[in-house]
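Taking numbering that gives the first Met the number 0, the leading residue of the sequence shown gets 0, the next gets one more, and so forth. Here a beta-carbon is modelled for each residue, glycine too, at the ideal position from N, C-alpha and C. Below is one structure, written out as structure tokens; the observations come after it.
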Amino acid sequence: MAVSTAQATGTVDIMIPVYNEERALPGCVEVLHGFLSEQFPFDWSIVVVDNASTDRTLEVAHALAKRYERVRVHHLDRKGRGLALKESWGASEAAVVVYMDVDLSTGLDGLLPLVAPLLNGHSDLAIGSRLAPGSRTVRGPRRELVSRGYNALIRLTHGAKFSDAQCGFKAARTEVVRPLLGQARDEAWFFDTELLLLAEHNGLRVHEVPVDWVEDVDSRVDVIGTAIDDVKGLIRVARAKANGTALVNGLPQRPQPRAIHPDAVLSRSEGGLSWQMLSFAVIGVISTLANLALYGVFRLWWPVLAANLAALVITTLFNTEANRRFTFTARNTARGRTHLQGFVVFGLYYAFTSAALLVLHAAVPDPSRALELAVLLGSSALGTAGRFFLLRSWVFRRDDRKEQA
């Protein structure tokens with residue numbers, strides 16, 4: 000991806016969203032201004048974004064802007080950290096926009112590693128992570144538990160690759176983040192998560208920096224209310240992925256990887272039909288054996304259809320994910336729509352294998368367990384062939400229009 004003229008100049012705007020922070024704001028600006036003046040090699044500005052504060056925060060911010068030449072003030076009439084970043088990042092003319100919390104909980108030595116890969120065009124967004132290898136944190140057990148639980152929920156429900164969605168230390172290339180800002184709906188604390196989920200869903204590169212982080216207990220966050228809103232937001236974004244509205248138009252396209260060496264001997268990133276059949280077969284054999292084993296265990300306590308359903312649900316989750324990663328690696332991987340289509344395929348597969356068992360019991364009033372397993376094995380083999388056809392031609396179908404764009 001070509002580096003724009005604005006990127007070449009290395010301009011960085013650092014936003015500090017504040018709401019009723021008249022006590023913390025002066026110390027934050029003083030420390031940050033000193034650090035940037037002495038140690039930051041790029042052209043920079045500090046923007047204090049006031050979120051409709053009801054104390055003297057706005058007055059203090061204007062006083063700081065008069066005192067420091069590179070400090071500006073952006074005032075909003077409504078609250079919301081997400082709103083603050085939408086407005087201030089969207090209005091910035093810098094090559095890279097950053098935000099950090101006013102309490103400076105995140106160590107400033109992570110700032111240069113945060114913005115450098117954005118300024119040289121290598122990455123599109125960058126986040127500080129308190130959970131990445133190499134990070135060091137000082138915080139209470141409740142906040143640690145909530146943070147790890149929430150990020151685990153994001154990975155479980157959305158397959159996210161980033162480790163820490165809510166650390167108040169993030170940056171983005173302005174030309175990339177502007178289209179995302181228009182797509183993101185949340186204007187409060189879920190904004191960070193939504194932005195990252197949209198970025199990953201649209202194929203952007205997210206750079207992660209392990210940081211040092213020290214908790215400031217003087218927080219304005221309503222933990223319970225925020226957690227409820229976050230869960231609602233995860234459901235909303237999952238729906239957007241499923242119906243296609245999470246795809247963002249106008250994003251700069253990163254070119255496909257290509258060899259630099261003129262005599263490189265290249266391999267194919269995606270196997271042909273023979274590889275797909277081999278990979279699918281191996282995964283299918285493992286899944287079928289697991290399904291038979293689980294069915295045999297569940298059948299000790301449950302009736303036929305319940306045992307078959309439980310075994311299929313577990314093995315289908317493994318099978319779909321394994322095929323997404325190994326068999327159809329270069330195909331459509333929009334997780335929301337893929338999982339919905341996968342459930343349809345699962346329903347057809349379950350109906351077919353269950354029908355086979357029902358026919359067996361109708362024909363043989365009291366079949367042996369061995370005969371049951373044999374019928375299940377045969378119906379599973381036929382169902383697997385149909386599953387491969389549906390996965391290849393429908394669930395993971397190549398979007399030629401997207402590839403040609």
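Where residue i falls: helix, strand or coil (DSSP)
i, result
"Glu-440", "This structure does not reach residue 440, given that the chain is present from 0 up to 404, and the question cannot be answered."
"Asn-331", "With a pLDDT of 44 at Asn-331, under the threshold of 50, the modelled position of this residue cannot be trusted; read the value that follows with caution. In the structure shown, Asn-331 sits in coil (DSSP, three-state: anything other than H, G, I, E or B)."
"Asn-318", "helix"
"Lys-169", "strand"
"Ile-45", "strand"
"Val-101", "coil"
"Pro-112", "helix"
"Asp-12", "strand"
"Glu-207", "strand"
"Arg-135", "strand"
"Asn-307", "helix"
"Val-363", "coil"
"Lys-401", "Confidence is the limiting factor: at Lys-401 the pLDDT is only 43, short of 50, which leaves the residue's position unreliable and the question unanswerable from this model."
Sub-8 angstroms separation of residue i and residue j beta-carbons
i, j, result
"Ile-126", "Leu-195", "yes"
"Arg-129", "Val-210", "yes"
"Leu-316", "Ala-241", "no"
"Ser-378", "Thr-337", "no"
"Leu-118", "Phe-39", "no"
"Asp-12", "Ser-91", "yes"
"Met-14", "Ser-87", "yes"
"Asp-163", "Ala-131", "yes"
"Val-48", "Leu-75", "yes"
"Thr-53", "Glu-20", "no"
"Lys-85", "Leu-233", "no"
"Pro-16", "Ala-64", "no"
"Asn-201", "Val-137", "no"
"Thr-156", "Val-95", "no"
"Leu-113", "Leu-203", "no"
"Gly-249", "Pro-178", "yes"
"Val-374", "Leu-356", "yes"
"Thr-383", "Gly-283", "yes"
"Ser-273", "Phe-325", "no"
"Leu-24", "Val-59", "yes"
"Glu-193", "Arg-142", "no"
"Arg-80", "Ala-171", "no"
"Gly-341", "Val-281", "no"
"Val-28", "Val-70", "yes"
Alpha-carbon to alpha-carbon, residue j and residue i
i, j, result
"Arg-330", "Arg-396", "In this prediction, Arg-330 has a pLDDT of 44, which is less than 50 and means its spatial position is unreliable; what the coordinates show is noted afterwards. In a straight line, the C-alpha of Arg-330 is about 6 angstroms away from that of Arg-396."
"Ala-159", "Ala-151", "9 angstroms"
"Gly-106", "Val-205", "20 angstroms"
"Gln-6", "Thr-314", "No answer about Gln-6 holds up, because its pLDDT of 44 lies below 50 and its placement is not dependable."
"Pro-251", "Lys-169", "20 angstroms"
"Val-97", "Asn-318", "40 angstroms"
"Leu-291", "Ala-380", "12 angstroms"
"Ala-309", "Val-344", "16 angstroms"
"Arg-323", "Leu-359", "33 angstroms"
"Met-99", "Asp-229", "20 angstroms"
"Leu-299", "Ala-361", "21 angstroms"
"Leu-372", "Arg-154", "35 angstroms"
"Thr-287", "Leu-376", "8 angstroms"
"Val-72", "Ala-62", "10 angstroms"
"Val-303", "Tyr-349", "12 angstroms"
"Lys-78", "Ile-45", "20 angstroms"
"Asn-50", "Gly-120", "31 angstroms"
"Arg-391", "Ala-237", "23 angstroms"
"Phe-41", "Tyr-67", "17 angstroms"
"His-32", "Arg-235", "39 angstroms"
"Arg-253", "Pro-116", "14 angstroms"
"Met-226", "Met-276", "Just to set this straight, residue 226 is Ala in the shown sequence, not Met. Approximately 43 angstroms between the Cα atoms of the pair."
"Leu-370", "Val-312", "22 angstroms"
Run of the alpha helix (DSSP H) containing residue i, from where it starts to where it stops
i, result
"Ser-146", "140-157"
"Lys-65", "56-66"
"Gly-89", "80-90"
"Phe-190", "190-200"
Extent of the continuous beta strand (DSSP E) run through residue i
i, result
"Val-374", "That residue, Val-374, is in no beta strand (DSSP E); its alpha helix (DSSP H) goes 368-389."
"Gly-127", "124-128"
"His-73", "70-75"
Any non-hydrogen atom of the ligand ATP within 7 angstroms of residue i CB
i, result
"Ile-285", "As far as ligands go, the structure on display features none, and thus does not contain the ligand ATP."
Inset, instruction - Please list the segments of the alpha helix (DSSP H) lying wholly inside the segment 212-298, counting only runs of 4 or more residues, in order along the chain. - result: Within the segment 212-298, the alpha helix (DSSP H) runs of at least 4 residues that lie entirely inside it are, in chain order, 222-242 and 272-297.
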